[in-house]
Structures are given as structure tokens and as C-alpha cells.
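J.: Numbering (my numbering), first residue to last: 46 to 337.
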């Protein structure tokens, strides 16, 4: 039996050993760790990316625990949210500063679902007195919607100006995983358009995050984003690293174990043969939801 086979068996046994557990595990070894242990390597200037299932209260509670653990280390914590488009940063600032009432804020940014009650604490977590802030990360919906329907080549000059500087599509392995999740697209051309829109989300968030950290190296930026953007470092983490090789990136994947068998959990936490671990850390827990 060769060493690769032994390694594969070792990983499988490790996954099975922890498949029925809840808690935080190292992505590469599946060994259990404490939250404080995961925070040990986070220093000022770092970005912590947390993948979530939108609308699951347990996931939002876990995100706050991560933020609190960082603050307990004496770190300044800013928060980046996928839900807010970067063109709305002034509205986010006004809301965070208490100038804009929440009802007006949600109306102005056209908040839909899930319930904002789940994300209020994250949006208001940064401490203004220490210079931290809530960062609006995402691209305007009208931009990604047009690209998904008509392609990058049909953007107007005004729409092109909304793209992040030096925009780049995501890597090929990420593209193939994305397309495998979209089996009902009508044509390969449609797949290319939808992946371009997905890449705009990732690269815009990466641009905003890197730009902010370049100007605030004394802080830690915690980004809350949909789980697929985090998995296997293929989406947002990859784009952050492409824009800056000097900013440390730590990723959390929150995995809902509710109703999953041991084999299904083992499959969820397994590393990819080509892309490696799902994330630096895996947070396994049953979660009810989503909350509308």
C-alpha cells in the first residue's frame, strides 16, 4: 500500500471519528480545537472570513462569538458584510453612527430577507471610538444581474466603472465547482455569464477588504459571507490573496449538521483532492432555520 493510500485512509478515519461531534475542528486534520486556539494566530492586519448559511440564527451567534474572542484578545474589530453594496457605504456609516434610523436605513438599501434582526449585532459590532467600522463589500445588484443575463461585453462605460479595479474572474477549479452547482443553466454561454457575475461578487468584496486593510493595518476585518464563497479557498479568500500576498487570511466554514448522518457529515468535512481543506477551521453544529 503506497503512502497516498495510507494518507487517504488516515483522513477518512479522522473524519469518521469526529463525524458525530459538534464544535470547531481544524480543516486539515479534523482535530478538535477551542475557539481561543483558532484565534491564536490572528494578529492586527488579518482578515477572518466566515462562511454561513444565510438566515440561520446559530450561525450568526457563532460569528459573534468569533468577534468577541478577537476583541477579548485586545484587537480592533471591523466587520465586512456581503449584504451591503459598496455604493451604499455612506448609508451604512450613517446607520452605524446613529444618524439614520434603522427603518429608514433598511428601506434605503432595499433590504429583503432574511430578517435583519439576525444581522443587527454584526452590523453594529464595530466600536466607533477605536476607529473600527462596518464595511459594505458587495457589488451593486444591477451590475451582477446584467452580467448574468447579458455578459460582461454588454456593460456600458458607466457600468464598467462599477467593476473593481483590475477585475479578474475566479480560478478554474472554483468555476468548475460553481458550474456543478448550476445544472439547469440553458447553455455553456449562460454558465460563463453566471460565473462572471459570481466572480464580480468575490473580486469586489476582495477589493474592498484589501483596500480597507491597507489603510487600517492596526485592525482585524471579519467578513461574513455565504458559505460557497469560502469553501476550499476558491472564492473570496482566493481573490483576497490575488490582490495582496501580505494580508493573512483565516477562513471558517460553518456546517449545519442537523439531520445529517455520520457518513454525510464526513463527506461535508472531507478535503478536496485538488483544492485541499474546506477551510482553515470547520464549525460543526445543528442549526434551525432559515429565519425569514
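All C-beta atoms in this analysis are idealised placements derived from N, C-alpha and C, irrespective of residue type, glycine included.
1) Classify residue 178: buried if its beta carbon has 16 or more other beta carbons within 10 angstroms, exposed otherwise.
2) Heavy atom of the ligand COA less than 6 Å from the Cβ of residue 150, yes or no?
3) According to DSSP, simplified to helix, strand and coil, what is residue 233?
4) Rounded to the nearest angstrom, what separates residue 267 and residue 94 at their Cα positions?
5) So residue 98 is in the beta strand (DSSP E); what residue range does that whole segment cover?
6) Looking at residue 250: is its Cβ nearer than 7 Å to the Cβ of residue 182?
7) By the three-class DSSP mapping on this structure, what secondary structure does residue 328 have?
8) Less than 7 Å separating the beta-carbons of residue 102 and residue 163?
9) Is residue 77 helix, strand or coil when you go by DSSP?
10) What separation, rounded to the nearest whole angstrom, lies between the Cα atoms of residue 62 and residue 70?
11) Could you check which residue in 141, 114, 118, 117 has the C-alpha nearest to that of residue 125?
12) Just checking my contact of residue 272 with residue 243 at CB under 8 Å: how many whole Å lie between their CB atoms?
13) Which residues does DSSP pair with residue 183 in a beta bridge?
T.: This is what the structure gives:
1) By the 10 Å Cβ count, residue 178 comes out buried.
2) Ligands in the displayed structure: none, and consequently the ligand COA is not present.
3) Correct three-state label for residue 233: helix.
4) Pairing residue 267 with residue 94, the inter-Cα distance amounts to about 6 Å.
5) Per DSSP, residue 98 belongs to no beta strand (DSSP E) and is neither H nor E.
6) Yes, these two residues count as a Cβ contact at 7 Å.
7) Correct three-state label for residue 328: strand.
8) Yes, the pair counts as a contact, with Cβ atoms nearer than the cut-off.
9) In the structure shown, residue 77 falls within a strand segment according to DSSP collapsed to helix, strand and coil.
10) With a pLDDT of 41 at residue 62, under the threshold of 50, the modelled position of that residue is not reliable, and no figure is offered here.
11) Comparing C-alpha distances from residue 125 to each of 141, 114, 118, 117 shows the shortest one belongs to 141.
12) About 14 Å; that fails the 8 Å criterion.
13) BP columns for residue 183 point to 130.
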